[in-house]
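Reading through the structure tokens given below for one structure.
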Amino acid sequence: MNLLATARPTPSQVEEHAAWPVTIGTAARLSQVSAKMVRYYESLGLLQSVARTDSGYRQYTQAEVRTLQFIKRGRALGFSMAEIAELVGLWHNRSRASASVKRIAQSHVDALAQRIEAMQAMQRTLAHLLDHCHGDERPDCPILDDLAGHCC
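This is the structure:
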């Protein structure tokens with residue numbers, strides 16, 4: 019089975035990868051993040067410092083690749099790096115309370131709802147401005163007037 023051809027390797031596919039630990043390039047491919055992002059996540063502390071070979075090459079275990087996948091999924095859902103750091107900590111803490119996880123997720127959902135509401139307000143404003151713009155050869159334009167701070 020070609021792990022690199024699938025959309026998102028599952029944890030079981032990652033487990034099937036035989037040669038552990040792996041290099042940063044392989045870890046990046048398995049988790050579908052760039053090697054640069056792997057280093058960045060490590061610098062932020064989202065990924066603990068990994069073991070290195072005698073020649074200084076990073077070596078990643080299955081658990082570290084799973085953590086990279088977790089981080090990638092968190093980013094895809096729009097969580098901030100701070101939220102992901104907190105979620106990674108909770109994920110690794112078996113004595114966690116699910117209420118802590120739910121609190122973070124609920125806060126994120128609330129923030130998304132506020133952003134959606136703000137974007138809908140922007141859309142309504144722009145639609146209103148478009149309705150009032152003649153869009154012809156005349157120089158007057160309510161869109162530009164609004165941007166300049168003196169509109170309808």
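Read in order, the letters of the sequence shown correspond to residues 19 to 170 in the working numbering.
In this text, a Cβ means the ideal position worked out from N, Cα and C, and glycines have one as well.
In this text, all values refer to a predicted model and were calculated from it rather than measured experimentally.
Where does residue i land, buried or exposed, given buried means 16+ other C-beta within 10 angstroms?
i: Val40; result: buried
i: Gln87; result: buried
Report all residues from its chain with a CB closer than 7 Å to the CB of residue i; omit the five preceding and five following residues, and keep chain order.
i: Trp38; result: Thr79 and Gln80
i: Ser125; result: none
i: Ser98; result: none
Alpha carbon to alpha carbon, how far is residue j from residue i? Give it in angstroms, no decimals.
i: Pro157; j: His150; result: 13 Å
i: Ile42; j: Tyr59; result: 12 Å
i: Arg91; j: Gly63; result: 17 Å
i: Asp163; j: Ala46; result: 49 Å
i: Asn20; j: Ser52; result: Low confidence applies to Asn20: its pLDDT is 48, below 50, so where it sits in the model is not reliable, and the reading given next is rough at best. For Asn20 and Ser52, the distance between alpha carbons rounds to 19 Å.
i: Leu165; j: Ala103; result: 39 Å
i: Ile89; j: Leu144; result: 36 Å
i: Asp128; j: Ser73; result: 47 Å
i: Leu148; j: Met55; result: 41 Å
i: His168; j: Gln138; result: 22 Å
i: Arg114; j: Gly153; result: 59 Å
i: Thr44; j: Ala136; result: 41 Å
i: Met140; j: Gln132; result: 12 Å
i: Ser67; j: Arg57; result: 10 Å
Going along the chain, which residues of its own chain have a beta-carbon closer than 6 Å to the beta-carbon of residue i, five neighbours each way excluded?
i: Cys159; result: Cys151
i: Ala69; result: Gln77
i: Ile161; result: Leu147 and Cys151
i: Glu34; result: none
Could you tell me whether the Cβ atoms of residue i and residue j are closer together than 7 Å?
i: Val119; j: Leu130; result: no
i: Glu101; j: Ile134; result: no
i: Val83; j: Ser49; result: yes
i: Leu105; j: Thr85; result: no
Tell me which same chain residues have a C-beta within less than 8 Å of the C-beta of residue i, skipping the five on either side of it?
i: Thr71; result: Gln77
i: Glu155; result: none
i: Tyr75; result: Thr41 and Ile42
I'd like to know if residue i contacts chain D, where contact means its C-beta is closer than 7 Å to some C-beta of that chain.
i: Gln77; result: Of the protein chains in this structure there is only one, and it is not chain D.
_Runs of alpha helix (DSSP H) lying entirely within the region 68–117, each at least 4 residues, in chain order_ = 80–94 and 99–110
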